[in-house]
Amino acid sequence: MTGAVLRELHFIEELEDVMKLFDGIWRFDPGSAPVTVEMMRALSHAGNYVAGAYESDRLVGASVAFLGAPPGQVLHS
0 MTGAVLRELH FIEELEDVMK LFDGIWRFDP GSAPVTVEMM RALSHAGNYV
50 AGAYESDRLV GASVAFLGAP PGQVLHS
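Numbering-wise, numbering that gives the first Met the number 0 puts 8 at position 9 of the sequence shown, and it's gapless, one number per residue.
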């Protein structure tokens with residue numbers, strides 16, 4: 000084995016695999032997952048970071064993140 004391969008994820012099927020992995024680790028109560036497949040898709044589509052770590056074809060890790068601009072540089076209303 001040469002180690003995990005990291006790649007960004009964009010497709011619903013990949014994001015569903017991330018949800019299965021996260022649920023297998025944290026065992027979310029129904030409806031209480033901190034992020035949904037739809038939210039990951041929106042984040043990915045908007046250029047944020049959604050990535051998976053694969054050993055062979057098996058998802059073994061994942062990360063979901065979004066850009067937070069420095070304070071005072073953006074306005075949310």
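Glycine included, each C-beta is placed from N, C-alpha and C at the ideal position. Since the structure is predicted, the reported quantities are computational estimates derived from the model, not experimental observations.
Tell me the start and end of each unbroken alpha helix (DSSP H) in the segment 21–58 that is at least 4 residues and wholly inside, in chain order. Here the runs fully enclosed are 36–44.
Is Val17 helix, strand or coil when you go by DSSP? Here Val17 sits in helix by DSSP.
Val63 bridges to which residues according to DSSP? Among the bridge pairs identified by DSSP, Val63 is matched with Val49.
Looking at Ile11 and Val36, is the spacing between their C-beta atoms short of 8 Å? At the C-beta level, Val36 and Ile11 come within 8 Å of one another.
Rounded to a whole number of angstroms, what is the C-alpha to C-alpha distance between Gln72 and Val63? If you draw a straight line from the Cα of Gln72 to the Cα of Val63, it is about 23 Å long.
The beta strand (DSSP E) enclosing Phe4, as first and last residue numbers: Looking at the sequence shown, residue 4 is not Phe but Val. Here the beta strand (DSSP E) through Val4 covers 4–7.
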